[in-house]
Amino acid sequence: SKRNGAATALGLSRLVGTSPAMRRVNEQVLAVAESHGTVLICGESGTGKEVVARAVHECSGRRGTPFLGVNCAALSESLLESELFGHERGAVTGADKLRKGRFELADGGTLLLDEISEVPTRIQAKLLRVLQERCFERVGSSISIGVDVRVIATSNQDLPKAIANGEFRQDLFFRLNVLPIHLPPLRDRLEDVPALAEHFLLEVSRR
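Just so you know, we're using the working numbering here: the sequence shown kicks off at 1 and counts up by one.
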């Protein structure tokens, strides 16, 4: 339909470049967008992992639903736990009221877990449960809340190496790595530099 075509164009229009490497990324985005599975986007810092995550969401059947993100490296363990799962009033220091977490707020939509390699081991166990059972408890509560959330995770780290070092759960990696997308660094697609320069020039001009 025209509506679907427009939504797909919006999603892919985020991805700048026509190099063979970027054409492969475009194909992967369209392929994984049609699925409901969890996506793991890997690549060096600055390769555009969040941009690709938004493109996947906008090309999927969840377009028009919430797209929320959490930078897992930017928060302490307790703050990250509350940010993801929410908390009951009085459950943690300073919690003067009930707070819904990102899983709850993203129900029906997509949740981006940015820099997943930085998640502490205890929270990795809770993430594994959400991916397996599609439910969780707020901090300070024993009541399970069911959610329909598509998870997209990103990493700029070598996760298999982190698993070997005992820093990342292998079972969580298997749950995340259902639909992998690898983003090439700019040095591997130098022919895209002029298009990227024009894109950023237009963006700055609009501001």
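The beta carbon of each residue, even a glycine, is placed where N, CA and C say it ideally should be.
Close beta carbons around V219, own chain, < 8 Å, minus the five adjacent residues each side
Residue 219 lies beyond the stretch modelled for the chain, which goes from 1 to 207, so this question has no answer here.
Skipping 5 residues on each side, what residues in its chain have a beta carbon closer than 7 Å to that of G37?
Residue numbering aside, residue 37 sits at position 37 when the sequence shown is read from its first letter. Counting only Cβ-Cβ distances below 7 Å, and skipping sequence neighbours, we find V178, L179.
Does A153 come out as helix, strand or coil in the three-state DSSP assignment?
For the purposes of this step, residue 153 is taken as residue 153 along the sequence shown, with counting starting at 1. Strand at A153.
According to the Cβ coordinates, are G211 and S82 closer than 9 Å?
Beyond the ends of the chain as shown, which are 1 and 207, falls residue 211; an answer cannot be given.
For E104, does the three-state DSSP call read helix, strand or coil?
Residue mapping note: residue 104 aligns to position 104 of the sequence shown, counting from 1. Three-state DSSP puts E104 in a helix.
Excluding the five sequence neighbours on either side, which residues of its own chain have a C-beta within less than 6 Å of the C-beta of N4, listed in chain order?
Here residue 4 corresponds to residue number 4 of the sequence shown, with the count starting at 1. Residue confidence for N4 is low, a pLDDT of 43 falling below 50, so the modelled location carries little weight; the figure read from the coordinates is stated next. Result list for N4: empty, nothing under 6 Å.
Does the distance from the C-beta atom of L183 to that of V52 stay below 9 Å?
Mapped onto the sequence shown, residue 183 falls at position 183. Mapped onto the sequence shown, residue 52 falls at position 52. Yes, the Cβ-Cβ distance between L183 and V52 is below 9 Å.
Any contact between the stretch 101-110 and the stretch 68-76? By contact I mean 3 or more CB pairs, one from each, below 8 Å.
Yes, since at least three Cβ pairs between the stretch 101-110 and the stretch 68-76 fall closer than 8 Å, the two stretches touch.
Less than 9 Å between the beta carbons of L131 and L186, yes or no?
Looking up residue 131 in the sequence shown gives position 131. Looking up residue 186 in the sequence shown gives position 186. No.
Go ahead and label G146 buried or exposed: buried means 16 or more other beta carbons lie within 10 angstroms of its beta carbon, across all protein chains shown.
On the sequence shown, position 146 is the one that residue 146 refers to. G146 comes out exposed.
For R99, which of helix, strand or coil comes out of DSSP?
Stepping through the sequence shown from its first residue, residue 99 is reached at position 99. Correct three-state label for R99: strand.
Look at the Cβ atom of Q150, then the Cβ atom of R14, and state whether they are nearer than 9 Å.
Numbered from its first residue, the sequence shown carries residue 150 at position 150. Numbered from its first residue, the sequence shown carries residue 14 at position 14. It is Arg, not Gln, that sits at residue 150 in the sequence shown. Cβ atoms of R150 and R14: not closer than 9 Å.
Which of helix, strand or coil DSSP assigns to C59
Here residue 59 refers to the residue found at position 59 of the sequence shown. Three-state result, C59: helix.
Could you spell out where the beta strand (DSSP E) holding E137 opens and where it closes?
Along the sequence shown, one-based indexing puts residue 137 at 137. For E137, the enclosing beta strand (DSSP E) has its first and last residue at 135-137.
For E118, which residues of its own chain have a beta-carbon under 7 Å away from its beta-carbon, when the five flanking residues on both sides are left out?
Here residue 118 corresponds to residue number 118 of the sequence shown, with the count starting at 1. Excluding residues within five positions, the ones whose Cβ falls inside 7 Å are C72, A73.
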